[in-house]
Amino acid sequence: MTKAGISPAASAAHFQSAPHRLPIRFEFATATRIIFGAGTLRQIGAAAAEMGHHVLVITGRTAARAPLLYESLTAQKIDYATFPISGEPTVETVKEGTRLAQAEKCDFVIGLGGGSVLDAGKAIAAMLTNSGDLYDYLEIIGRGQPLTQPSAPYLAIPTTAGTGAEVTRNAVLASPEHRIKVSLRSPLMLPRLALVDPELTYSLPPEITASTGLDTLTQLIEPYVSTRANPMTDALCREGMRRVGRSLRRAYETGSDIEARESMVLASLYGGLALANAGLGAVHGFAGPIGGMFPAPHGAVCASLLPHVMRINLRALRERQPASEALRRYEEIAQLLTGDEAATAEAGVAWIEELCQALHVPSLAAYGIMAEDFPVLIEKAAVASSMQANPIKLTPEEMQEILGRAL
Ligand SMILES: [Zn+2]
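Everything in the sequence shown is counted per the working numbering, starting at 879 for the first residue and increasing by one.
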C-alpha cells in the first residue's frame, strides 16, 4: 500500500481509466501589470511617472473622465499631447497618431476609451519603436512582417465593459479603401499596464452596455469551446460567464447598479485574457469581414450572430463529431449562464436569445447587410484567423445559414 492507502494496482487502474488524457501544456501571456478597482484612475499619475515624461493620450470624441487623467499627469509634471479619435481606428488613424507622437517627442502612450481607442493606442505605441511603414507589419493588405522591437510603454484604461482590449496583443484596424479590417498582431504589443476602473463604466448608456456586454459574453464563450482552450483560460471563462449570467441584464436595466457594473468589467477583463491566449471562433470570424464592409459596431455584430453560431455549431458537432468535448462544454455554458445545473445546451442558446431580445439587439439587416453580400462575407470569414479556432470547421452552407438567420 502507498502512503495514501491506494494500492499501486488501484492507482494504475485509475490512470488507465483515462487513456486519451494528454498531459497539460500551455502558455499564457498578458499585460505586465493589471490594476483593478473602483477609483483606481486616481492612481494613474504615479504609474505614468514610471513610464516617461511626455505622453500621447488617445481618447474617444467625448471623454468625460479625461480631465481627471490630465490633472494627475500635470501633478506629476508629465507633458501630454492629446489625440481624440472617432469610431473604430483606420490605418490612417494610426499613421496620424504616430506622426503626432513623434512630433511631440512622446516616450509613452496612454489610451483611455473603448476597444477602438485602446487598439489605436496599441498600434501607435508599436509604431513608435518599430521603424518602417505600418504596411510592413499588417496582415493581408501589408507585408505581414513581425514587429521586432517592444512597443513604447503603453497604459490602457478601458471605459467600457467591454472588449478586454486592455490585455490583448492585437489592434484591429480598418482599411476603408480595401473594405476590410486587419490586425496588427504581436506579443510585443501587450500593454505595460492595464488599469481597469469600474467607475468609468457607471455612466455608459444602455445601448453601449448591451453591445459591449454581449461582446464580452461572446469573448468568454468562444475561447471556452475554442480548439486552443487551455485550463487557465477555462477557469477565467467559467467565472466570467457566471458573472455575465447574473449581471449583464441588471447593468442594462439599472445603469446605477454598481455591483453589476463591477462584475461586467471583471468579466470583460477575463474575456480579454481568455481570447488573447485561446483564440475565438465563428462569431468573430464573421465580425471582422462584416465590420470591414459595413458601418456596424463590433459588439452589436457579435451579439446578433452569437445564438445562431451556437445553434449551428451544436448541430454540426452532433452530426460530424459526436464525441467532441465541445458538446459537453456547450452544456456547461448553459448551466453557468442560467444557474440551472440541469440546463441543456439548447436551453443555453434560448437563454442568450431571450437576453438579446431584452437588450434590444438589432439584426444584421439594420446595418444594410443583404443576402447578396453573403458570398463575399463567407469567403472572407472562412480564412479569418478566429474562424480557425471554431470547435468544428463549418461548411459554406452552414455559414450561409448562420448569416441568413442573423439577418
Ligand atoms: Zn469581440
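For each residue, glycine too, the CB sits at the ideal point set by N, CA and C.
- Three or more pairs of CB atoms, one per stretch, sit closer than 8 Å, so the region 1088-1099 contacts the region 1131-1149.
- For A1249, the closest alpha carbon among the candidates A1284, G938 and V1179 is that of A1284.
- Here I1256 is buried. Its C-beta has 16 or more other C-beta atoms within 10 Å.
- Counting only residues of its own chain and dropping the five nearest sequence neighbours on each side, A1262 has a CB closer than 6 Å to the CB of G1163 and G1166.
- Three or more Cβ pairs closer than 8 Å define a contact, and the region 1179-1192 meets that threshold against the region 1270-1285.
- Distances from the alpha-carbon of L1068 to those of P1028, R1121 and L1114 put P1028 closest.
- Using a 10 angstroms sphere on the CB of H1238, the tally of other CB atoms stays under 16, which defines it as exposed.
- Here the distance from the Cβ of C1234 to the nearest heavy atom of ligand 1 is not below 7 Å.
- Here L1033 is buried, its C-beta having at least 16 other C-beta atoms within 10 Å.
- Distances between the C-beta of H1176 and the heavy atoms of ligand 1 include at least one below 7 Å.
- Contact between the region 964-974 and the region 1010-1025 is present, with at least three C-beta pairs closer than 8 Å.
- As computed with DSSP, H932 is found in a beta bridge with D957.
- By the neighbour-count criterion, in which 16 or more other beta carbons inside 10 Å mark a residue as buried, Q1213 falls on the buried side.
- Judged by DSSP secondary structure, V1074 falls within the beta strand (DSSP E) whose first and last residues are L1071 to V1074.
- DSSP lists no beta-bridge partner residue for N1191.
- Positions of the beta strand (DSSP E) runs, each at least 3 residues long and wholly inside the region 977-1045, are given as 986-991 and 1032-1036 in order along the chain.
- DSSP places L1281 outside any beta strand (DSSP E); the residue lies instead in the alpha helix (DSSP H), whose first and last residues are P1274 to A1284.
- Around W1229, the same chain offers L1215 and T1216 as residues with beta carbons nearer than 6 Å, after the five sequence neighbours per side are excluded.
- Across the set C1234, Y1208 and L1233, the C-alpha of Y1208 shows the shortest separation from the C-alpha of T1222.
- Distances from the CB of D1093 to the heavy atoms of ligand 1 include at least one below 7 Å.
- Under the 10 Å beta carbon count, T1079 is surrounded by 16 or more other beta carbons and is classified as buried.
- Sequence-distant Cβ neighbours of L1195 in its own chain, meaning closer than 7 Å and more than five residues away, are S1202, A1204, L1205, P1269 and I1270.
- Judged by DSSP in its simplified three-state form, I963 adopts coil rather than helix or strand.
- D997 sits buried, since 16 or more C-beta atoms from the chains shown fall within 10 Å of its C-beta.
- Contiguous beta strand (DSSP E) elements confined to the region 1126-1170 do not occur, taking only those with 3 or more residues.
- CA-CA distance, A1220 to G1226, rounds to 11 Å.
- Beyond the five residues adjoining it in sequence on each side, D1112 comes within less than 7 Å, by CB distance, of Y1102 in the same chain, given in chain order.
- In the assembly as shown, V1060 is a buried residue. Its beta-carbon has 16 or more other beta-carbons within 10 Å.
- Non-local C-beta neighbours of I963 in its own chain, meaning closer than 6 Å and more than five positions away in sequence, comprise T971 and A998, ordered along the chain.
- If you draw a straight line from the Cα of S1064 to the Cα of K1000, it comes to about 10 Å.
- In this structure, A1129 sits away from R1121, with a CB-CB distance that is not shorter than 8 Å.
- With contacts defined by Cβ atoms closer than 8 Å, L934 and V987 form a contacting pair.
- Secondary structure of S1053 (DSSP, three-state): strand.
- In this structure, the beta-carbon distance from T937 to T960 falls below 8 Å.
- In the DSSP assignment, K1271 falls outside any alpha helix (DSSP H), carrying neither H nor E.
- S994 has its alpha-carbon roughly 19 Å from the corresponding atom of P1084.
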